[in-house]
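Have a look at the structure below before the remarks.
Protein chains: 2
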Amino acid sequence: MTLEDVARSAGVSLATASRVLGGTARVREDLRERVLAAADRLSYIPNAHARALAGSSSQVVGVICHDVSDPYFAGIAGGVMRAAAAHGLLVMLASTFRDPAQEVAYLSMLRAQRARAILLIGSGFEDRAWERAMNAELEPYLRSGGRVAVVSRHRALKVDAVLPENRAGGAALARAMLDLGHRDFAVLSGPRTLTTVADRLAGFREALAEAGVELPDDRIVEESFTRDGGYAAATELIRRGVRATCLFAVTDVMAVGALAALRDHGLRVPQDVSLAGFDDIPIVRDLTPPLTTVALPLAEMGERVMALALRETRGSRARIERVGGEVILRPSTAPPRRP
Amino acid sequence: MTLEDVARSAGVSLATASRVLGGTARVREDLRERVLAAADRLSYIPNAHARALAGSSSQVVGVICHDVSDPYFAGIAGGVMRAAAAHGLLVMLASTFRDPAQEVAYLSMLRAQRARAILLIGSGFEDRAWERAMNAELEPYLRSGGRVAVVSRHRALKVDAVLPENRAGGAALARAMLDLGHRDFAVLSGPRTLTTVADRLAGFREALAEAGVELPDDRIVEESFTRDGGYAAATELIRRGVRATCLFAVTDVMAVGALAALRDHGLRVPQDVSLAGFDDIPIVRDLTPPLTTVALPLAEMGERVMALALRETRGSRARIERVGGEVILRPSTAPPRRP
DNA sequence: CTGAAAGCGCTTACAG
DNA sequence: CTGAAAGCGCTTACAG
Numbered sequence: 001m002t003l004e005d006v007a008r009s010a011g012v013s014l015a016t017a018s019r020v021l022g023g024t025a026r027v028r029e030d031l032r033e034r035v036l037a038a039a040d041r042l043s044y045i046p047n048a049h050a051r052a053l054a055g056s057s058s059q060v061v062g063v064i065c066h067d068v069s070d071p072y073f074a075g076i077a078g079g080v081m082r083a084a085a086a087h088g089l090l091v092m093l094a095s096t097f098r099d100p101a102q103e104v105a106y107l108s109m110l111r112a113q114r115a116r117a118i119l120l121i122g123s124g125f126e127d128r129a130w131e132r133a134m135n136a137e138l139e140p141y142l143r144s145g146g147r148v149a150v151v152s153r154h155r156a157l158k159v160d161a162v163l164p165e166n167r168a169g170g171a172a173l174a175r176a177m178l179d180l181g182h183r184d185f186a187v188l189s190g191p192r193t194l195t196t197v198a199d200r201l202a203g204f205r206e207a208l209a210e211a212g213v214e215l216p217d218d219r220i221v222e223e224s225f226t227r228d229g230g231y232a233a234a235t236e237l238i239r240r241g242v243r244a245t246c247l248f249a250v251t252d253v254m255a256v257g258a259l260a261a262l263r264d265h266g267l268r269v270p271q272d273v274s275l276a277g278f279d280d281i282p283i284v285r286d287l288t289p290p291l292t293t294v295a296l297p298l299a300e301m302g303e304r305v306m307a308l309a310l311r312e313t314r315g316s317r318a319r320i321e322r323v324g325g326e327v328i329l330r331p332s333t334a335p336p337r338r339p
Numbered sequence: 001m002t003l004e005d006v007a008r009s010a011g012v013s014l015a016t017a018s019r020v021l022g023g024t025a026r027v028r029e030d031l032r033e034r035v036l037a038a039a040d041r042l043s044y045i046p047n048a049h050a051r052a053l054a055g056s057s058s059q060v061v062g063v064i065c066h067d068v069s070d071p072y073f074a075g076i077a078g079g080v081m082r083a084a085a086a087h088g089l090l091v092m093l094a095s096t097f098r099d100p101a102q103e104v105a106y107l108s109m110l111r112a113q114r115a116r117a118i119l120l121i122g123s124g125f126e127d128r129a130w131e132r133a134m135n136a137e138l139e140p141y142l143r144s145g146g147r148v149a150v151v152s153r154h155r156a157l158k159v160d161a162v163l164p165e166n167r168a169g170g171a172a173l174a175r176a177m178l179d180l181g182h183r184d185f186a187v188l189s190g191p192r193t194l195t196t197v198a199d200r201l202a203g204f205r206e207a208l209a210e211a212g213v214e215l216p217d218d219r220i221v222e223e224s225f226t227r228d229g230g231y232a233a234a235t236e237l238i239r240r241g242v243r244a245t246c247l248f249a250v251t252d253v254m255a256v257g258a259l260a261a262l263r264d265h266g267l268r269v270p271q272d273v274s275l276a277g278f279d280d281i282p283i284v285r286d287l288t289p290p291l292t293t294v295a296l297p298l299a300e301m302g303e304r305v306m307a308l309a310l311r312e313t314r315g316s317r318a319r320i321e322r323v324g325g326e327v328i329l330r331p332s333t334a335p336p337r338r339p
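As given, the protein sequences belong to chains A and B, one line each in that order. So in full-length UniProt numbering, spot 331 of the first sequence is number 331, and the numbers just go up one at a time. So in full-length UniProt numbering, spot 38 of the second sequence is number 38, and the numbers just go up one at a time.
Right under this line is the structure:
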């Protein structure tokens with residue numbers, strides 16, 4: 001079932017059938033109707049590959065994230081999908097499972113697919129070789145007219161970006177905890193090669209420093225970026241005998257694990273120790289206690305990064321859209337108990 | 001940058017270059033190396049559209065689910081993505097946001113993309129018109145060699161399927177609750193036009209009936225399939241003054257909302273009322289109290305549905321793989337308090 | 001094993 | 001406005 005069949009069945013030329021179905025040019029009303037009728041009658045489905053090959057632009061946008069099953073990415077992906085639906089676009093979604101090499105490989109596959117735009121969702125890696133490899137893929141793609149927009153990375157990639165204010169958010173959270181009266185902190189961190197982690201940590205630390213509060217390196221435990229990583233990090237802190245009154249998990253997902261670890265070790269939150277996260281994934285308001293966190297509008301970020309990728313760009317410079325994080329105080333944090 | 005350029009640069013014919021890069025035929029070693037070197041030197045990226053058009057099969061599989069940002073689908077999607085990566089496939093993911101018409105529309109777009117396989121994840125709708133429209137898309141797709149596999153639906157679609165044992169799971173959960181001593185139940189249900197809901201409910205009800213316990217219709221509250229739907233349903237139950245000792249939320253996501261509602265109304269779980277869910281999404285073990293549920297191996301289901309879609313199928317009949325649900329008793333359920 | 005050529009299903013200048 | 005034709009970038013019989 002090809003356009004050829006439709007054209008023949010409608011008694012018009014291939015070109016006319018194409019123009020009707022593609023909506024690319026005005027066609028006499030009666031011919032138009034005959035083509036439409038024929039297409040319908042034959043249940044004609046255009047071949048997207050032929051279309052793309054022949055020049056019409058692709059309706060596919062590629063999205064690369066670390067892991068769709070992580071609530072943070074799932075939230076952003078939800079926004080991306082909604083925006084895609086609104087524009088009649090199809091989304092190719094790839095999960096790298098945090099493997100930099102996979103990220104480069106997917107980028108290459110997406111280029112081969114001639115995706116109209118590519119969205120990179122999630123923290124970049126602070127890794128020279130990776131940056132070089134990424135740029136080697138990105139640059140020719142951009143030159144050939146491809147559009148790239150990212151959420152949450154910046155450093156070496158000069159493309160449109162939606163940037164959560166990780167640093168400012170970390171700092172605001174630190175100040176909020178200082179206001180509560182805390183002076184002894186510890187951090188449950190993810191891999192610091194992730195820019196997101198580095199930024200949140202830096203902001204948190206700076207705000208503490210401004211208040212004259214130190215955060216020694218042994219108060220920072222680095223674990224994997226998952227619920228179990230959070231559990232392990234909290235456990236390690238307890239093992240070290242760290243006596244902090246307030247814990248900052250660099251992501252909510254890690255905070256969820258930390259909360260479980262604290263409970264398993266008989267520590268009450270917030271009576272014995274306060275705990276705060278970052279992101280405001282949907283579940284954290286339903287934890288016991290509900291989690292203090294820095295809220296990011298995940299779905300909206302997804303919609304905005306898509307909008308950036310779709311905007312007309314006549315050679316204009318990379319656009320950066322900053323997304324503020326709002327500190328939301330919930331019962332998981334409280335003033336420290338006076339000894 | 002086309003294959004033509006690579007061939008010229010390597011001093012071979014287009015055909016030879018194609019054979020080397022496509023790995024479709026044996027080529028003399030020295031020519032082979034020249035082609036590879038040229039492709040590398042020119043940073044050649046094949047055009048997937050041209051490849052697909054010219055006959056080589058597509059490397060794309062389409063996945064349609066209700067909502068990626070829902071933990072249930074995110075979990076399954078994670079398994080799908082992992083399987084896709086293992087096979088070098090790209091995944092086109094579409095979220096229908098539970099709109100049957102969107103589902104049909106995406107199916108059509110995926111056909112246009114000539115996806116090698118299409119995966120339908122999530123409950124079907126009990127809706128004749130929808131079934132007819134789906135079959136109208138599916139049938140020609142299958143006839144043209146497309147592969148289709150589904151998770152969680154069956155009725156009218158005769159294709160390979162991974163079927164969670166919703167009915168048996170609902171029944172097993174009911175029996176477990178009966179064993180605990182409960183006799184007064186209520187159900188927080190999602191839309192019953194979703195086969196998944198209908199099945200879980202039926203199983204639950206049947207097992208109760210076998211034990212001589214009735215579940216009157218006014219003990220079943222139907223709300224949307226979300227956290228807020230669960231909250232609303234629990235609230236409605238309380239408003240009605242229903243005096244059940246055990247609540248069954250047909251999905252964990254709804255149970256999360258229900259738990260919050262119960263707490264907000266001053267009801268303790270499980271002391272005042274027991275609560276159980278279904279799915280075992282990752283978060284529920286970290287709730288307070290951890291939630292009793294029927295565990296489904298979400299990621300594995302994703303991997304299995306992909307395996308089904310990729311298997312050789314020389315005209316064999318539809319294969320059904322059943323996935324058992326395991327009742328996991330956690331602290332959210334306890335024997336009813338003796339009045 | 002290698003190459004010239006046809007063909008995959010469309011779109012779009014180019015004439016008319 | 002409409003049609004014949006070239007061309008998009010590949011793959012794959014078909015000869016050699």
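Ideal Cβ placement from N, Cα and C applies to all residues, glycine included.
- Looking at the DSSP output, B/S95 shares a beta bridge with B/C65.
- The DSSP assignment places complete alpha helix (DSSP H) segments of no fewer than 4 residues inside the segment 125 to 185 of chain A at 128 to 143 and 166 to 180, in order along the chain.
- Counting only the Cα atoms, A/V12 lies some 15 Å from A/A25.
- In this structure, the straight-line span from the alpha carbon of B/T245 to that of B/R239 is close to 15 Å.
- Judged by DSSP secondary structure, B/V12 falls outside any alpha helix (DSSP H); it is assigned neither H nor E.
- Fully contained in the segment 20 to 74 of chain A are the following alpha helix (DSSP H) runs of length 4 or more, in chain order: 29 to 41 and 48 to 54.
- When A/L36, A/P140, A/L298 and A/T333 are compared, the shortest CA-CA separation from A/S108 is found for A/P140.
- With fewer than 16 other beta carbons inside 10 angstroms of its own, B/S57 counts as exposed.
- Cβ-Cβ distances below 6 Å link A/D160 to A149, L308, A318 and R319 in the same chain, with the five nearest sequence neighbours on each side left out; the list follows chain order.
- Here A/D272 is exposed: its Cβ has fewer than 16 other Cβ atoms, across all protein chains shown, within 10 Å.
- Residues of chain B with a Cβ closer than 7 Å to the Cβ of A/M109 are, in chain order, L90.
- DSSP, read as helix, strand or coil, puts B/I320 in strand.
- Excluding five sequence positions before and after A/L110, the CB atoms of its chain that fall closer than 8 Å to its own CB belong to G62, I64, M92, A94 and I118, given in chain order.
- Per DSSP, the continuous alpha helix (DSSP H) segment holding B/A233 begins and ends at R227 to R239.
- Using beta-carbon distances, A/T235 does not count as an interface residue toward chain B, since no partner is under 9 Å.
- Using a Cβ-Cβ cut-off of 9 Å, B/S224 does not count as an interface residue toward chain A, since no Cβ of chain A sits closer than that to its own.
- Burial state of B/E326 is exposed, judged by a 10 Å Cβ sphere holding fewer than 16 other Cβ atoms.
- Interface annotation, B/Q113: in contact with chain A, CB-CB separation under 9 Å.
- Annotation for B/T196: the continuous alpha helix (DSSP H) segment containing it runs T195 to E210.
- Legend: CB atoms of the segment 65 to 76 of chain A lying less than 9 Å from CB atoms of chain B belong to residues D67, V68, S69, D70, P71, F73, A74, G75 and I76.
- Judged by pairs of C-beta atoms under 8 Å, the segment 187 to 196 of chain A touches the segment 213 to 228 of chain A, as three or more such pairs exist.
- Any Cβ of chain A closer than 9 Å to the Cβ of B/S316 would place that residue at the interface, and such an atom is absent.
- When Cβ-Cβ separations below 9 Å define contact, A/R41 makes no contact with chain B.
- Put simply, of A/D228, A/A136, A/A77 and A/A50 the residue whose alpha carbon is nearest the alpha carbon of A/L298 is A/A77.
- Counting only Cβ-Cβ distances below 9 Å, B/P164 has no contacts in chain A at all, with the closest Cβ about 17 Å away.
- Here B/E326 carries a strand assignment [DSSP, helix/strand/coil].
- The C-beta of A/N135 comes no closer than 9 Å to any C-beta of chain B.
- In this structure the segment 44 to 57 of chain B does not lie against the segment 94 to 104 of chain B, because fewer than three pairs of beta carbons, one per stretch, are closer than 8 Å.
- A/V221: member of the beta strand (DSSP E) spanning I220 to E222, first to last residue.
- Residue state for B/D279 is assigned as strand, using DSSP reduced to three classes.
- At least one C-beta of chain A is nearer than 9 Å to the C-beta of B/L93.
- The residues R200, G203 and F204, in chain order, have a CB closer than 6 Å to that of B/G170 in the same chain once the five nearest residues on each side in sequence are set aside.
- Distance from the Cα of B/E321 is smallest, within the candidate group B/T288, B/P164, B/T292 and B/A86, for B/P164.
- Between A/A174 and A/F278, the C-beta spacing is not below 9 Å.
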